[in-house]
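**Q** Each residue of the sequence shown is one higher than the one before, counting from 1 in the working numbering.
Note that the Cβ used here is the ideal one computed from N, Cα and C, for glycine as well.
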Amino acid sequence: MKNIMYFLGSLLVAIIAAFLANKWLGGFENPGYVLIGIGHWSLETSLIVFSVSLIMAFFVFYVSFRFLGWLFRLPGQVKNRGKNIKFNRSQEALIAGLVDSAEGNWEKAEKVLIKHASQSGAPLIHYLTAARAAQSRGALDKRDEYLKKAADGAPGSDVAIGLTQAELHLSEKQFGQALETLARLHSINPTHASVLRLLHQAYQQAGDWEGIRKLIPSLNTHKVLMEAEIKLLETEVFSKLLKQAAERGSVEEIELLWSEIPDYIRQMKGVSAIYFAAMIDAGAGAKVEGGLARALSTTWDQTLVVLFGNVRSLNDSRQFETAEQWLPMHPRDAVFLAVLGKLSMKCGDKQKAETYLTKSISIEPTVTAYQLFGDLLFAQGDKDRASECYKQGLELASSAIISRIDSIS
Numbered sequence: 001m002k003n004i005m006y007f008l009g010s011l012l013v014a015i016i017a018a019f020l021a022n023k024w025l026g027g028f029e030n031p032g033y034v035l036i037g038i039g040h041w042s043l044e045t046s047l048i049v050f051s052v053s054l055i056m057a058f059f060v061f062y063v064s065f066r067f068l069g070w071l072f073r074l075p076g077q078v079k080n081r082g083k084n085i086k087f088n089r090s091q092e093a094l095i096a097g098l099v100d101s102a103e104g105n106w107e108k109a110e111k112v113l114i115k116h117a118s119q120s121g122a123p124l125i126h127y128l129t130a131a132r133a134a135q136s137r138g139a140l141d142k143r144d145e146y147l148k149k150a151a152d153g154a155p156g157s158d159v160a161i162g163l164t165q166a167e168l169h170l171s172e173k174q175f176g177q178a179l180e181t182l183a184r185l186h187s188i189n190p191t192h193a194s195v196l197r198l199l200h201q202a203y204q205q206a207g208d209w210e211g212i213r214k215l216i217p218s219l220n221t222h223k224v225l226m227e228a229e230i231k232l233l234e235t236e237v238f239s240k241l242l243k244q245a246a247e248r249g250s251v252e253e254i255e256l257l258w259s260e261i262p263d264y265i266r267q268m269k270g271v272s273a274i275y276f277a278a279m280i281d282a283g284a285g286a287k288v289e290g291g292l293a294r295a296l297s298t299t300w301d302q303t304l305v306v307l308f309g310n311v312r313s314l315n316d317s318r319q320f321e322t323a324e325q326w327l328p329m330h331p332r333d334a335v336f337l338a339v340l341g342k343l344s345m346k347c348g349d350k351q352k353a354e355t356y357l358t359k360s361i362s363i364e365p366t367v368t369a370y371q372l373f374g375d376l377l378f379a380q381g382d383k384d385r386a387s388e389c390y391k392q393g394l395e396l397a398s399s400a401i402i403s404r405i406d407s408i409s
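1) Buried or exposed, going by whether 16 or more other CB atoms sit within 10 Å of the CB of Trp-41?
2) Using 8 angstroms for Cβ pairs, my map puts Leu-140 next to Ala-166. What's the rounded Cβ distance?
3) Among Glu-110, Asp-144 and Leu-394, which residue has its Cα nearest to the Cα of Ala-133?
4) Cβ atoms of Val-237 and Trp-258: under 8 angstroms apart, would you say?
5) Note down the Cα distance separating Leu-199 from Leu-179, rounded to an integer number of angstroms.
6) Starting from the C-beta of Leu-396, find all residues in its chain whose C-beta is less than 8 angstroms away, skip the five residues before and the five after it, and write them out in chain order.
7) Ignoring anything shorter than 4 residues or poking outside the segment 193–231, list the alpha helix (DSSP H) runs there in chain order.
8) If Arg-385 and Leu-394 are in contact, beta carbons under 8 angstroms, what's the gap, nearest whole angstrom?
9) Using the Cα positions of Cys-347 and Arg-213, report the straight-line distance between them to the nearest angstrom.
10) Taking only runs that begin and end inside the segment 237–282, name each unbroken alpha helix (DSSP H) of 4 or more residues, in chain order.
11) Suppose the cutoff is 8 angstroms on Cβ atoms and the five residues either side in sequence are ignored; what does the same chain contact list for Cys-389 look like?
12) Just to confirm my understanding: we take Leu-215, look at its own chain, exclude 5 residues before and 5 after, and list those with CB closer than 8 angstroms. What are they?
13) Using a threshold of 8 angstroms, state whether the C-beta atoms of Leu-147 and His-126 are closer than that.
14) Does Tyr-264 pass the burial test, meaning 16 or more other C-beta atoms within 10 Å, or should it be called exposed?
15) If you follow the alpha helix (DSSP H) that Gln-174 is part of, which residue opens it and which one closes it?
16) Ser-313 and Ala-282 - do their beta-carbons sit closer together than 8 angstroms?
17) Determine the extent of the alpha helix (DSSP H) in which Ile-334 is found, giving its start and end residues.
18) Which whole-angstrom value describes the C-beta separation of Ala-278 and Ala-246, a residue pair presumed to lie in contact below a C-beta threshold of 8 angstroms?
19) Taking the Cβ atom as the reference point for each residue, do Ala-353 and Val-339 lie within a distance shorter than 8 angstroms?
20) Could you compute how far the alpha carbon of Asp-152 sits from the alpha carbon of Leu-232?
21) Taking all protein chains shown into account, do 16 or more other C-beta atoms lie within 10 angstroms of the C-beta of Arg-143, making it buried, or fewer, making it exposed?
22) Measure from the alpha carbon of His-192 to the alpha carbon of each residue in Gln-174, Ser-218 and Lys-173, then state which is nearest.
23) Can you give me the C-alpha to C-alpha distance between Glu-321 and Ser-187, rounded to a whole angstrom?
24) Return the chain-ordered list of same chain residues with a C-beta closer than 6 angstroms to the C-beta of Ile-402, the five sequence neighbours on each side being excluded.
25) Within the continuous alpha helix (DSSP H) that includes Glu-364, where are the two ends?
26) Spatial neighbours of Ala-130 within its chain, please: CB distance less than 6 angstroms, with the 5 preceding and 5 following residues excluded, ordered by chain position.
27) So the candidates are Leu-68, Leu-296 and Glu-260; which of them puts its Cα closest to the Cα of Lys-242?
28) Between the C-alpha atoms of Glu-172 and Ala-206, what's the straight-line distance to the nearest angstrom?
29) Where Thr-414 and Glu-252 are concerned, what is the direct C-alpha to C-alpha distance, given to the nearest angstrom?
In structure tokens form, the structure reads like this:
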């Protein structure tokens, strides 16, 4: 349409110019003539005819050259028009693919995204979305194929592709592959918040608490987690590491780890209880007996009381005397009274043991107290009363189990 307007406009200008030239020259009595000679040939015509012919010839040449220019540009215009059509189709396909993915039509989304990926202005989005769709329908081979195509088609997008790949591996519990990808991304950009966040998730899901421990400074420095979250994570990490060290039974490893734990975490009752329990299980309870006593003198805690009673002390009498010093402050603590009964038995004072265990059961019957009392009576030869204690302890334990099952159901 534009070309037709150009042609008609040029023709109109040429006609007007020819008309004005004819009118102007026709106003003279002798408008003149033009003589052109070439060799033995000559051409003579009036100035009016020559002027009009010159104007029309200019118009013809102008139109001819514009037409030739249009012909030269035509292949490129056709090619660009085809590209634009394909690009628009790919954009429509991307929107349709994203909608299908959101609606859970994984196979449909995958097909439409891949079909138009090569013509898209954003092929990376096509391939990454298709990879998610493929995994959602269980086609892991296709997922990996699309991720490879994304990497080949967008070589400068390693982090974006790697993050998607790691997320997909984590959702499939492929922790080894996820950690390998994230380690590579971390080497490329050690401060990338999303990489650090995914590394934290991968280590946590894989149970690699030592890996999280090394990552915590980066999580804190780059504000990936809030300060309160960092402290909670540190507490969880050191608690898990202490439990793992306890399972291995290495006293040196437990003590080294404890020395590396920050003071504000060591002062937490739960964490210190894990440390004391680990040392006791590893056969080094005597090393923490004094620490347990100091902790109980500062803050009373029944878990620590039980742990104190489980310590294999180098001096049983001194251990018992230390525990009895707390009796005036906690005379009706059933757990503590059971521990005193246990320590009395270790020291050979059966009379005190019976007194403490009887009082403990009267305040709050527990399976532990019944078992200890039964052991004491059995050692004294009173098998009937011992059997009755064991029976009551079993009934109490079974009642607790039934109550727990009922609460779950």
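**A** Taking the coordinates as given:
1) When all chains shown are included, Trp-41 counts as exposed.
2) About 15 angstroms separates the two Cβ atoms, so there is no contact after all.
3) Ala-133 has its Cα closest to that of Glu-110, out of Glu-110, Asp-144 and Leu-394.
4) Contact flag unset, no.
5) In this structure, the alpha-carbon of Leu-199 lies about 7 angstroms from that of Leu-179.
6) By the criterion of a C-beta distance shorter than 8 angstroms, Leu-396 is surrounded in its chain by Pro-365, Thr-366, Val-367 and Tyr-370, once the five residues flanking it on both sides are discounted.
7) The qualifying runs are 193–206 and 209–221.
8) By a beta-carbon distance limit of 8 angstroms, Arg-385 does not contact Leu-394. Their separation comes to about 15 angstroms.
9) Taking the CA atoms as reference points, Cys-347 sits about 43 angstroms from Arg-213.
10) Fully enclosed alpha helix (DSSP H) runs of 4 or longer: 251–260, 263–266 and 269–281.
11) Only Tyr-370, Gln-371, Phe-373, Gly-374 and Leu-377 meet the Cβ criterion.
12) Excluding residues within five positions, the ones whose Cβ falls inside 8 angstroms are Leu-196, Leu-199, His-200 and Tyr-203.
13) Taking 8 angstroms as the Cβ cut-off, Leu-147 and His-126 do not qualify as a contacting pair.
14) That one is exposed.
15) Neither: Gln-174 is in no alpha helix (DSSP H) and is coded neither H nor E.
16) A distance of 8 angstroms or more separates the beta carbons of Ala-282 and Ser-313.
17) The sequence given here has Ala at residue 334, not Ile. DSSP places Ala-334 inside the alpha helix (DSSP H), whose first and last residues are 334–347.
18) Indeed they touch by this definition, with Cβ atoms about 3 angstroms apart.
19) Val-339 is positioned such that its CB atom lies no closer than 8 angstroms to that of Ala-353.
20) Using only the alpha carbons, I get a separation of about 41 angstroms.
21) Looking at its Cβ environment, which holds 16 or more other Cβ atoms inside 10 Å, Arg-143 is buried.
22) Closest in alpha carbon position to His-192, among Gln-174, Ser-218 and Lys-173, is Ser-218.
23) About 58 angstroms.
24) If we look at Ile-402 and ignore the five residues flanking it on each side, it has no Cβ neighbours.
25) Glu-364: not part of any alpha helix (DSSP H); DSSP gives it neither H nor E.
26) For Ala-130, the CB contacts under 6 angstroms within the same chain, skipping 5 residues up- and downstream, are Glu-110, Leu-113, Ile-114 and Tyr-146 in chain order.
27) First, the residue type needs correcting, since residue 242 is Leu and not Lys in the sequence shown. Answer by Cα proximity: Glu-260.
28) If you take the alpha carbons of Glu-172 and Ala-206, they lie about 12 angstroms apart.
29) A question about residue 414 goes unanswered here, because the residues of the chain that appear run from 1 up to 409.
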